[in-house]
Amino acid sequence: MKKVLGVLLISLLTACASQTKQSDGADVEDRDRSRDAAMQRESKQAEDYTSPTLNPLTDPNSILSKRSIYFDFDSYVVKDEFRSLVAAHAKYLREHSNARVLLQGHTDERGSREYNLALGQRRADAVKYAMTLSGAQEGQIEAVSLGEEKPNAMGHDEAAWAENRRVDIRYQGE
Amino acid sequence: MLPTPSRSHKLSGSAAVLFFLWLVCSPVQAALNIEIFGGGANQIPVAIVPLAGEERLGAQSLTPVISADLQRTGLFKLVDTGGLRPHEPVEVSYPDWINRGASALAIGTAIPVSGGQISIRVRLLDVARQAELGSYVETVPPEQLRAAAHRIADMIYEKLTGDVGVFSTRIAYVIKQGKKYSLQVADADGFNAQPVIEYTEPIISPAWSPDGTRLAYVSFENKKPVVYVQTLATRTRKAVANFRGSNSAPAWSPDGKKLAVVLSVMGGSQIFLINSDGGGLQRLTQSSGIDTEPSFSPDGRYIIFTSDRGGSPQIYRMPVTGGASKVAERLTFEGSYNVSPRYSPDGKGFTFIHRSGDSFNVAIQDFATGQVRLLTDSKFDESPSFAPNGRMVLYATEIRRRGILSAVSSDGRTRQQLSTQAGDIREPAWGPLRRLQ
Chain Y
0 MKKVLGVLLI SLLTACASQT KQSDGADVED RDRSRDAAMQ RESKQAEDYT
50 SPTLNPLTDP NSILSKRSIY FDFDSYVVKD EFRSLVAAHA KYLREHSNAR
100 VLLQGHTDER GSREYNLALG QRRADAVKYA MTLSGAQEGQ IEAVSLGEEK
150 PNAMGHDEAA WAENRRVDIR YQGE
Chain Z
0 MLPTPSRSHK LSGSAAVLFF LWLVCSPVQA ALNIEIFGGG ANQIPVAIVP
50 LAGEERLGAQ SLTPVISADL QRTGLFKLVD TGGLRPHEPV EVSYPDWINR
100 GASALAIGTA IPVSGGQISI RVRLLDVARQ AELGSYVETV PPEQLRAAAH
150 RIADMIYEKL TGDVGVFSTR IAYVIKQGKK YSLQVADADG FNAQPVIEYT
200 EPIISPAWSP DGTRLAYVSF ENKKPVVYVQ TLATRTRKAV ANFRGSNSAP
250 AWSPDGKKLA VVLSVMGGSQ IFLINSDGGG LQRLTQSSGI DTEPSFSPDG
300 RYIIFTSDRG GSPQIYRMPV TGGASKVAER LTFEGSYNVS PRYSPDGKGF
350 TFIHRSGDSF NVAIQDFATG QVRLLTDSKF DESPSFAPNG RMVLYATEIR
400 RRGILSAVSS DGRTRQQLST QAGDIREPAW GPLRRLQ
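For the protein sequence lines, the chains are Y and Z, in the order given. The opening position of the first sequence corresponds to residue 0 in numbering that gives the first Met the number 0, with each subsequent residue numbered one higher. The opening position of the second sequence corresponds to residue 0 in numbering that gives the first Met the number 0, with each subsequent residue numbered one higher.
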């Protein structure tokens, strides 16, 4: 019960706080607790819609609410159009030393699942590298790959594939 | 690897002539779900006579299972048994079977005995020599009938080919139904499926421990890939590779003590060795490219793996031991995409996925000659793995955008779709031979 209360408290804090102070104690590897917190917060978000102090990470008017970087076929080069997005998240990390992000690399569905996992890792690593160049600390960022396993678009054409070649940015607790 | 089907010396040398006669005398029966390529001149014509008492077993009949097992290998031609029903050797009229072109004949009985059990006796007869080649005797409970049929097929296969049968082995695969991913284990013919673990997040890359008691696999349940080892009998499991970054592509060493895994913890995707309980981390490959999909040689001295160090994904081989002298040797040169290598059980070659144009196909390459043979002509083949006797390759493919499992004989001549449940099936892995307990 104590733990449930703690999670609720954390989620209230993260939902309301304008300065998203990351909860202490739940590090990036502690997935179950952070997932619970994320679910709790989602249910809270509707109520807090009118809150005058919006979380910049979720405020639709903030560039930080944009969380996907898209890639060309067979490429892991972060394109110019996503430079400002990557830099904004790096700045946020720089200014919030307790903040942690998980970068999840993705590929389209063609080819070997394990090889695609490695290709997605390369994309996540490329974004991580760009963020550290912009001043984020290496220890704040974990780059992982989900390969072709979690497509955004379910189609089997170039339009769908282009949507699936991406890196998603997830903050701790999301 | 890849020998043409060799007929056992025990069989009459006139089988080919008899087979020709049979072709002339009887219409070729097309079996459901089975595509047979090539002439079939090397196929052994065998007759499987329904057992005495078998009609009482209904849906649990033995001979349809035996026939399907044998036919799936592509090494046998099933001879029509219509009108002839011998169950004991004295009832066999050999001239009739010679006329039908059968080289071998399986007959026998399945009789209910006390306690609801069924007493099974099957004899395999050489038609030309009019002699017994082998026999099978066992009393089983009804729920063991299907397993017994696989053991009978193993006996027939071994007597007629001189090779070990794999019909009593199991396969593992992942089935996606809606948002649910289920890692399942089934008999080699796709029946008797049992879930091992189920999640709403993806599961990939199941790998059998050499003794068949454990499965390693990659689960995404924690927002990133983590390698687990699960004991099938107890369902207990352990995260054996859960390092910072991605953890994937587990492959067992032949002694079952170590796993090769792919980790990004030290940058890139590189191959490492760990103990099967997760300890003893040791780096194996050292490249600036992607190194993934390791597979151990049967003697444990080498791994083959996919790497893009040369610009495109190709297959390489390197020694597992040997310190600084470990040099990777490139094995594939045809095309710009060769991935997912798996050693053959005899260590003389490997199967892999080769892309040409827009098609991804199962191929086999021989180490000695370097010769590549494409086994399929489908569009989206993935994850090939050898049967433990090296005679077939199990792989995932697609029919109308739905994932299914198929098996192809190592000579490419016979393909069969495995019985499939509803859902999207992928990531098959053929398990080891079952040792006697």
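Yeah, the Cβ is synthetic: ideal placement off N, Cα and C, and Gly gets one too.
Which value, in whole angstroms, describes the spacing of the CA atoms of residue i and residue j?
i	j	result
HIS155 of chain Y	GLU108 of chain Y	8 angstroms
PHE44 of chain Z	ALA103 of chain Z	With the sequence shown as reference, residue 44 of chain Z is identified as Pro, and Phe is not the correct amino acid for it. Their Cα atoms are separated by approximately 7 angstroms.
PRO94 of chain Z	THR62 of chain Z	23 angstroms
GLU80 of chain Y	PRO201 of chain Z	31 angstroms
ALA428 of chain Z	SER133 of chain Y	44 angstroms
GLU142 of chain Z	GLN116 of chain Z	9 angstroms
PRO205 of chain Z	TYR227 of chain Z	10 angstroms
LYS222 of chain Z	PHE271 of chain Z	22 angstroms
GLU162 of chain Y	TYR69 of chain Y	7 angstroms
ASN274 of chain Z	GLY309 of chain Z	30 angstroms
GLU292 of chain Z	ILE398 of chain Z	25 angstroms
ASP125 of chain Z	PRO85 of chain Z	14 angstroms
ASP290 of chain Z	SER268 of chain Z	6 angstroms
ALA238 of chain Z	LEU69 of chain Z	39 angstroms
ARG174 of chain Y	GLY266 of chain Z	This structure cannot speak to residue 174 of chain Y, because chain Y is shown only from 0 to 173.
ALA101 of chain Z	THR199 of chain Z	51 angstroms
GLY146 of chain Y	VAL326 of chain Z	28 angstroms
GLU426 of chain Z	ARG128 of chain Z	45 angstroms
GLN313 of chain Z	GLY422 of chain Z	32 angstroms
VAL6 of chain Y	LEU53 of chain Y	Residue placement at VAL6 of chain Y cannot be trusted, given a pLDDT of 43 that sits under 50; what the coordinates show is reported in the next sentence. Taking the straight line from one Cα to the other gives about 21 angstroms.
THR320 of chain Z	LEU56 of chain Z	55 angstroms
Pull up the CB-CB distance for residue i and residue j, whole angstroms please, since I reckon it's below 8 angstroms.
i	j	result
GLY288 of chain Z	SER306 of chain Z	6 angstroms
PRO318 of chain Z	PRO253 of chain Z	Between PRO253 of chain Z and PRO318 of chain Z the Cβ distance is about 15 angstroms, and since that is not below 8 angstroms, they are no contact.
TYR175 of chain Y	LEU84 of chain Y	Since the first and last residues shown for chain Y are 0 and 173, residue 175 of chain Y lies out of range.
ASP380 of chain Z	PHE351 of chain Z	With 8 angstroms as the limit, ASP380 of chain Z and PHE351 of chain Z do not qualify as a contact, their Cβ atoms being about 10 angstroms apart.
THR138 of chain Z	GLY52 of chain Z	Not really, about 13 angstroms apart at Cβ, beyond 8 angstroms.
TYR394 of chain Z	VAL361 of chain Z	5 angstroms
ARG145 of chain Z	PHE190 of chain Z	7 angstroms
ILE140 of chain Y	VAL77 of chain Y	Actually they are not in contact, since the Cβ atoms of ILE140 of chain Y and VAL77 of chain Y sit about 14 angstroms apart, beyond 8 angstroms.
ALA152 of chain Y	LEU92 of chain Y	Between LEU92 of chain Y and ALA152 of chain Y the Cβ distance is about 29 angstroms, and since that is not below 8 angstroms, they are no contact.
Check each candidate in the options and name the one with the smallest Cα separation from residue i.
i	options	result
SER134 of chain Z	Z:VAL121, Z:LEU182, Z:SER268	Z:VAL121
THR396 of chain Z	Z:THR350, Z:THR375, Z:ASN388	Z:THR375
GLN370 of chain Z	Z:PHE332, Z:ASP125, Z:VAL217, Z:PRO297	Z:PHE332
GLY279 of chain Z	Z:ALA259, Z:TYR180, Z:ARG390	Z:ALA259
ALA301 of chain Z	Z:SER343, Z:SER181, Z:ARG308, Z:ARG99	Per the sequence shown, the amino acid found at residue 301 of chain Z is Tyr instead of Ala. It is Z:SER343 whose Cα lies nearest to the Cα of TYR301 of chain Z.
ARG282 of chain Z	Z:ALA250, Z:ALA386, Z:VAL261	Z:VAL261
GLY389 of chain Z	Z:VAL78, Z:TRP207, Z:PHE349	Z:PHE349
ASP186 of chain Z	Z:LEU417, Z:SER408, Z:ALA421	Z:LEU417
TYR172 of chain Z	Z:PRO383, Z:VAL407, Z:MET391	Z:PRO383
ALA158 of chain Y	Y:LEU116, Y:ASN54, Y:PHE72	Y:PHE72
ILE151 of chain Z	Z:GLY346, Z:LYS178, Z:ALA105	Z:ALA105
VAL166 of chain Y	Y:MET153, Y:LEU116, Y:ALA135, Y:GLN139	Y:LEU116
GLN415 of chain Z	Z:SER377, Z:GLY422, Z:ARG400, Z:GLU426	Z:SER377
GLY73 of chain Z	Z:TYR198, Z:ILE424, Z:ALA406	Z:ALA406
ASP124 of chain Y	Y:ALA142, Y:GLY138, Y:GLY110	Y:ALA142
ASP365 of chain Z	Z:GLY356, Z:LYS347, Z:PRO88	Z:LYS347
PHE304 of chain Z	Y:ALA98, Y:ARG121, Y:SER111	Y:SER111
TRP207 of chain Z	Z:ALA192, Z:VAL163, Z:GLY255	Z:GLY255
SER409 of chain Z	Z:GLU90, Z:LEU373, Z:ASN41, Z:GLY82	Z:LEU373
ASN41 of chain Z	Z:PHE75, Z:LEU50, Z:LEU56	Z:PHE75
ARG401 of chain Z	Z:PHE242, Z:VAL136, Z:GLU90, Z:GLN176	Z:GLN176
Is residue j closer than 9 angstroms to residue i when the C-beta atoms are compared?
i	j	result
SER294 of chain Z	SER311 of chain Z	no
VAL126 of chain Y	ILE62 of chain Y	no
ARG66 of chain Y	HIS105 of chain Y	no
LEU123 of chain Z	ILE97 of chain Z	no
ARG234 of chain Z	ILE196 of chain Z	yes
HIS95 of chain Y	MET130 of chain Y	no
ALA386 of chain Z	THR212 of chain Z	no
LEU432 of chain Z	VAL165 of chain Z	yes
GLY277 of chain Z	ALA240 of chain Z	yes
SER245 of chain Z	SER74 of chain Y	no
PRO194 of chain Z	GLU131 of chain Z	no
ALA248 of chain Z	VAL225 of chain Z	no
SER118 of chain Z	TYR114 of chain Y	no
LEU77 of chain Z	SER66 of chain Z	yes
Any beta strand (DSSP E) of 3 or more consecutive residues that is wholly inside the stretch 233 to 306 of chain Z: 236 to 240, 246 to 251, 257 to 262, 269 to 274, 290 to 295, 301 to 306
Complete runs of the beta strand (DSSP E) confined to the stretch 61 to 97 of chain Y [at least 3 residues]: 67 to 69, all fully within the stretch 61 to 97 of chain Y.
Length-filtered (4 minimum) alpha helix (DSSP H) runs lying within the stretch 130 to 166 of chain Z: The qualifying runs are 144 to 160.
Minimum length 3: unbroken beta strand (DSSP E) runs contained in the stretch 53 to 106 of chain Z: 75 to 77
In chain order, each alpha helix (DSSP H) run of at least 4 residues that lies wholly inside the stretch 330 to 411 of chain Z: none
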